[in-house]
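Number of protein chains: 2
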Amino acid sequence: MAQQFNLATQHCGDCPIRHRAVCARCETDELEQLEQIKYYRSFQAGQTVVWSGDRMDFVASVVSGIATLSQTMEDGRRQMVGLLLPSDFVGRPGRERAAYDVTATTDLLMCCFRKKPFESMMVSTPHVAQRLLEMTLDELDAAREWMLLLGRKTAREKIASLLAILARRDAALALRKPGGRLVFDLPLTREQMADYLGLTLETVSRQITALRKDGVIDLEGTRHVKVASFDRLLEETGDDTDGGFLV
Amino acid sequence: MAQQFNLATQHCGDCPIRHRAVCARCETDELEQLEQIKYYRSFQAGQTVVWSGDRMDFVASVVSGIATLSQTMEDGRRQMVGLLLPSDFVGRPGRERAAYDVTATTDLLMCCFRKKPFESMMVSTPHVAQRLLEMTLDELDAAREWMLLLGRKTAREKIASLLAILARRDAALALRKPGGRLVFDLPLTREQMADYLGLTLETVSRQITALRKDGVIDLEGTRHVKVASFDRLLEETGDDTDGGFLV
DNA sequence: CAGCGTCCTTGACGCAGGTCAAACGGGGGC
DNA sequence: GCCCCCGTTTGACCTGCGTCAAGGACGCTG
Chain A
268 MAQQFNLATQ
278 HCGDCPIRHR
288 AVCARCETDE
298 LEQLEQIKYY
308 RSFQAGQTVV
318 WSGDRMDFVA
328 SVVSGIATLS
338 QTMEDGRRQM
348 VGLLLPSDFV
358 GRPGRERAAY
368 DVTATTDLLM
378 CCFRKKPFES
388 MMVSTPHVAQ
398 RLLEMTLDEL
408 DAAREWMLLL
418 GRKTAREKIA
428 SLLAILARRD
438 AALALRKPGG
448 RLVFDLPLTR
458 EQMADYLGLT
468 LETVSRQITA
478 LRKDGVIDLE
488 GTRHVKVASF
498 DRLLEETGDD
508 TDGGFLV
Chain B
268 MAQQFNLATQ
278 HCGDCPIRHR
288 AVCARCETDE
298 LEQLEQIKYY
308 RSFQAGQTVV
318 WSGDRMDFVA
328 SVVSGIATLS
338 QTMEDGRRQM
348 VGLLLPSDFV
358 GRPGRERAAY
368 DVTATTDLLM
378 CCFRKKPFES
388 MMVSTPHVAQ
398 RLLEMTLDEL
408 DAAREWMLLL
418 GRKTAREKIA
428 SLLAILARRD
438 AALALRKPGG
448 RLVFDLPLTR
458 EQMADYLGLT
468 LETVSRQITA
478 LRKDGVIDLE
488 GTRHVKVASF
498 DRLLEETGDD
508 TDGGFLV
């Protein structure tokens, strides 16, 4: 299912996320250094990678699959605060314990770096630190976009926004433009979507049904989505349609 | 009102945010470099610093006063996505245009760096880049905390959380512990609080009244807050009371 | 094939918070 | 002193989404 790139003989040069992950800017000698402190770990769909508050002695890149970051309140209310896709970075140099629950929502392969030596590399090899800064700034922008969604959008707009993000990402992976018709699979259950959007799973289900009835999307089974017109979907997100995306 | 530190003869060595801003880690020779590309700008309460989408040829540190970052939807719904206090950083190296509206909510003094030379320094002086990464990671954590608030907290919990943050920060500036009784002024109008919390100003007003009636806070006029018991306030935020704060 | 578990949908109902409207209060200008 | 403006409070009403509950679709196991 996930591209099984051989765990015994992995070389960074062959890595599918080589050009987008935290190592993107590294020269070959820097890669060799990274190679010495890295190891792979894989998780099954549904498994927890770490619990918030746990000691965490590595940082990592997602190689394949999808993971989530989430926070839980004492009474069980949960909010997802990050959706990690291939090439995304997990963990914070200089921090000893995980600040969030990290969960594999699909089968997941992570490229882990031992924290201590990684922290040294942060100082010695600027290319790693530079790339990490860039990625962190992107994440901050995404988080702020998400704050607008959580604070001000209606349930329908939230669903449309999530679908638009997933569609865009899917198109990006397949190197297509998200212009016309799109087809993709939802990588999240209704409950996970609800946790992402600050809704209940019932509301998610109802709004998806509504978007289907209104012809914005088409569903085959419960996860397979067809978007007839991406522009139509965008109209439903409440975002500026015309305004170009920065980034 | 703001500590008027003389704009004509400013030296980084005397700067009130010297030890906490993006320049915190710099040695004296690095400071001298920064000094050559910096200039001060001040804004009156209510003024806009930049509009989202505007060209922005500087990055900056807040020296004194408070600024906000916010996003606005076409129909006028607004969400604050950042509250900038002294030492906080504004702008993104490598980006040409502002991604958010930046507004001065009090009289504001900013230490601006011309973007081009600042970007060169990012490469040449690792201390600047390191500090910026650290600050950005902190901001990302704060943003994620805020996502939990926006997505899952009740109106009362939102208000209590905001008050707790303001109280904590005020105590930090004054070098006191937020243990017992606290007194501070709200730096935001009810409407700005609403924009921060994803509420309407009416709901903010009602919940503040409710907290006052329940003896959690005490109000003198409309902005001056007394917190009898910080622990009591924390109970109202919905957060883990016991759990230590990471950071 | 029956039985079960997981995920999803749908309906009925209630309430937290949004909307609309009116009025208050304090500070500044004249 | 008076007026006006802005931020704020309060009330009455409404509605979007949450809650609770039931049932359907699908896949897995025995």
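In order, the protein sequence lines correspond to chains A and B.
Read in order, the letters of the first sequence are residues 268 to 514 in the working numbering.
Read in order, the letters of the second sequence are residues 268 to 514 in the working numbering.
Built from N, CA and C at the ideal position, the CB exists for glycine as well.
Length of the line joining the Cα atoms of residue i and residue j
i        : j        : result
B:Val483 : A:Arg345 : 26 Å
A:Ala438 : B:Val369 : 33 Å
B:Ser319 : B:Glu363 : 11 Å
A:Gly349 : A:Ala410 : 8 Å
A:Met340 : A:Thr315 : 17 Å
A:Val471 : B:Glu487 : 43 Å
B:Arg398 : A:Phe356 : 19 Å
B:His491 : B:Val317 : 30 Å
B:Leu430 : B:Ala441 : 16 Å
A:Cys378 : A:Lys305 : 7 Å
A:Cys293 : B:Cys293 : 25 Å
B:Val395 : A:Arg448 : 45 Å
A:Ser428 : A:Leu466 : 13 Å
B:Glu503 : B:Phe385 : 43 Å
A:Cys282 : A:Asp296 : 16 Å
A:Asp481 : A:Arg436 : 24 Å
B:Asp507 : B:Asp405 : 20 Å
B:Gly343 : A:Lys420 : 12 Å
A:Ser387 : A:Gln303 : 13 Å
A:Leu351 : A:Ile333 : 6 Å
B:Phe310 : A:Val330 : 46 Å
B:Leu516 : B:Val494 : Outside the modelled stretch of chain B, which goes from 268 to 514, sits residue 516 of chain B, for which no answer is possible.
A:Pro393 : A:Asp408 : 23 Å
B:Ile426 : A:Gln277 : 51 Å
B:Trp413 : A:Gly418 : 10 Å
A:Phe380 : B:Arg308 : 43 Å
B:Asp515 : A:Val450 : There is no way to answer for residue 515 of chain B, as the model of chain B reaches only from 268 to 514.
Under 8 Å from the C-beta of residue i: neighbouring residues of chain A
i        : result
B:Ala327 : Those do not exist, as B:Ala327 stays about 16 Å from chain A at its closest Cβ, beyond 8 Å.
B:Asp498 : Near B:Asp498 there are no residues of chain A at all, since even the closest Cβ is about 16 Å away, more than 8 Å.
B:Leu417 : Met414, Leu417, Gly418 and Gly465
Beta carbon proximity, residue i to chain B, threshold 7 Å
i        : result
A:Glu424 : no
A:Asp283 : According to the sequence provided, residue 283 of chain A is Pro. The question's Asp does not apply to it. Taking Cβ atoms only, chain B never reaches closer than 7 Å to A:Pro283, which makes this a no.
A:Thr403 : yes
A:Arg344 : yes
Neighbourhood of residue i by C-beta distance below 6 Å, restricted to the same chain and skipping five residues each side
i        : result
B:Glu458 : Leu468
B:Met347 : Thr335, Ser337, Asp462 and Tyr463
B:Leu478 : Ile484
B:Ala535 : Since the first and last residues shown for chain B are 268 and 514, residue 535 of chain B lies out of range.
Closer than 7 Å at the beta carbon, the chain B residues around residue i
i        : result
A:Glu341 : Asp507
A:Pro384 : Ordered by position in chain B, no residue passes the 7 Å Cβ test against A:Pro384, which lies about 17 Å from the chain.
A:Arg292 : Under the 7 Å cutoff, chain B gives no residues; its nearest Cβ is about 12 Å from A:Arg292.
CB contact check: residue i to chain A, cutoff 7 Å
i        : result
B:Glu406 : yes
B:Leu513 : Any reading at B:Leu513 is ruled out, since the residue's pLDDT is 42, under 50, leaving its predicted position unreliable.
B:Val348 : yes
B:Gln338 : yes
B:Leu400 : yes
B:Arg359 : yes
B:Ala409 : no
B:Glu502 : no
Cut-off 7 Å between Cβ atoms - residues of its own chain near residue i, not counting five sequence neighbours on either side
i        : result
A:Leu298 : Cys279 and Cys290
B:Arg499 : Val483
A:Ala422 : Leu466, Thr470 and Gln474
B:Leu513 : For B:Leu513, the predicted structure reports a pLDDT of 42, less than 50, and the residue's modelled location is therefore unreliable. The matter cannot be settled from this model.
B:Ile284 : Ser328, Val330, Pro353 and Ser354
Within chain A, partners of residue i - CB distance below 9 Å
i        : result
B:Pro353 : Per Cβ cutoff of 9 Å: no residues; B:Pro353 is ~20 Å from chain A at best.
B:Pro393 : Val390, Pro393 and Ala396
B:Ala431 : Neighbours of B:Ala431 on chain A: none; closest Cβ ~15 Å, over 9 Å.
The ligand ZN heavy atom lying under 6 Å from the CB of residue i
i        : result
A:Leu464 : Inclusion of the ligand ZN in the displayed structure is not the case, the ligand content being empty and no account of it being possible.
Cβ shell of residue i (< 8 Å), same chain only, five flanking positions each side left out
i        : result
B:Lys382 : Met323, Asp324, Phe325, Val326, Gly358 and Pro360
A:Thr373 : Ala269, Ala312, Gly332, Ile333 and Pro454
A:Met389 : Pro360, Val395, Ala396 and Leu399
Open item on the list: Just to confirm the assignment: which complete alpha helix (DSSP H) runs, minimum length 4, are found wholly within the region 427–491 of chain A?
Closed with: 457–464 and 468–480
Task: Sequence ranges, beta strand (DSSP E) only - wholly within the region 347–429 of chain A, length at least 3 - done: 368–371 and 375–381
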